[in-house]
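**Q** Residue numbers (the numbering used here): 3 to 74. Positions of the beta carbon are idealized from the N, C-alpha and C atoms, including for glycine. These numbers were taken from a predicted model, which means no experiment stands behind them. I have a structure here, written as structure tokens, and I will follow up with some questions on it.
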């Protein structure tokens, strides 16, 4: 990965690691989007933020919806 891409990816993760942003936004995303975001956050050293995004997103699920792999 080029330095520019790495810098951009790091800045993105620094921004999206915010608990406030997760609470305000996570239910607006679909499951695949949240899973991709969580994987990126975890890869950049934010595993707790990744879990929180999935948790906030899952609060909008209906009963019987499939759980995310991170929820086990």
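If we count the other Cβ atoms within 10 Å of its Cβ and call it buried at 16 or more, is residue 74 buried or exposed?
**A** Walking along the chain shown from the start, residue 74 turns up at place 72. Low confidence applies to residue 74: its pLDDT is 44, below 50, so where it sits in the model is not reliable, and the reading given next is rough at best. With fewer than 16 Cβ atoms within 10 Å of its Cβ, residue 74 is classed as exposed.
**Q** Just to confirm, is the Cβ distance from residue 75 to residue 51 under 8 Å?
**A** As shown, the chain starts at 3 and ends at 74. That puts residue 75 outside it, with no answer to give.
**Q** From residue 56 to residue 36, what does the alpha carbon distance come to, in whole angstroms?
**A** In the chain shown, residue 56 corresponds to position 54, counting from 1. In the chain shown, residue 36 corresponds to position 34, counting from 1. Rounded to the nearest angstrom, the two C-alpha atoms are 6 Å apart.
**Q** Could you give the distance in angstroms between the alpha-carbon of residue 63 and the alpha-carbon of residue 45?
**A** For the purposes of this step, residue 63 is identified with residue 61 of the chain shown, where counting begins at 1. For the purposes of this step, residue 45 is identified with residue 43 of the chain shown, where counting begins at 1. In a straight line, the C-alpha of residue 63 is about 25 Å away from that of residue 45.
**Q** DSSP three-state call for residue 4: helix, strand or coil?
**A** Position 2 of the chain shown, counted from the first residue, corresponds to residue 4. Residue 4 falls in the coil class under three-state DSSP.
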